[in-house]
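To start, the structure under review is shown below, and the notes come after it.
Residue numbers (our numbering): 7 to 234.
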């Protein structure tokens, strides 16, 4: 059987260009590929806009803002058969991502949603780990605290790379729902930041969406805007 390499590449590009609608036309348009011409863009916007297949998209925001509801809406837009798997440990999800099998993800899967991944990672590898009570030597305690951030960074990088490879190899969309935190510099107001941030994680993320409630009064919104 003759295999046309060019046709195979073209088919993969078409599949990767497909999008999953978020239910919001404006957001779908923003997430659409920007490399196509205006004519091609207008003719294929309905099929290529939205969450990209073959890519990893992160959605983050404060608790109760509607991240899970947003994910359920995405699933309902492509749902024909639904699989749910509970993952209770970081080691479990690393195994699923780094070593996928022919049965997982199931064939013809278009979308994988991972809810609250940041909580699973940071609870297993916290930013400020407490010293082990068994370590009475101050030098040993210091070495342990120094080693933990390195291990956390390596784990996050492996997970980000694994998710990106899984999305590309199976031509499916991976959506990760994460929490957020706040940072504040002296003399400035607190700003939202993703719970997972940094080069180790960002390297595998294609698009990032932040959800939040704008509770600022209309007359104060103009003064509350920050330069981009």
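Ideal placement from N, C-alpha and C gives every residue a C-beta, glycine not left out.
Quick caveat, the model's predicted, so the values are computed rather than measured.
DSSP places residue 163 within a helical segment (H, G or I) once states are collapsed to three. Taken through DSSP and simplified to helix, strand or coil, residue 203 comes out as coil. The continuous alpha helix (DSSP H) containing residue 128 extends over residues 123-130. Here residue 69 is exposed, its C-beta having fewer than 16 other C-beta atoms within 10 Å. Between the C-alpha atoms of residue 72 and residue 122 there is a straight-line separation of about 12 angstroms.
Distances from the CA of residue 159 to each of 203, 181, 197, 190 were compared; the closest alpha carbon is that of 203. Look at the beta carbons and you see the region 94-109 not touching the region 55-66: under three pairs across the two are nearer than 8 angstroms. If you compare the alpha carbons of 163, 36, 117 with that of residue 78, the shortest gap goes to 117. Taking the C-beta atoms as reference points, residue 24 is found no nearer than 8 angstroms to residue 115. Secondary structure note for residue 179: its beta strand (DSSP E) is the uninterrupted segment 179-184. In this structure residue 90 is exposed. Its beta-carbon is surrounded by fewer than 16 other beta-carbon atoms within 10 angstroms. Beta-bridge partners of residue 198 (DSSP): 188. In terms of CA proximity to residue 39, 212 leads the group 218, 212, 220, 216. Runs of alpha helix (DSSP H) with 4 or more residues, each lying fully within the region 65-127, are found at 73-84, 96-104, listed in chain order.
Judged by DSSP secondary structure, residue 213 falls within the beta strand (DSSP E) whose first and last residues are 213-216. Closest option to residue 107, judged by alpha-carbon separation, among 199, 34, 172: 172. Excluding the 5 residues flanking it on each side, residue 110 has same chain C-beta neighbours closer than 7 angstroms at 102, in chain order.
Under the three-state reduction of DSSP output, residue 61 falls in the coil class, being neither helix nor strand.
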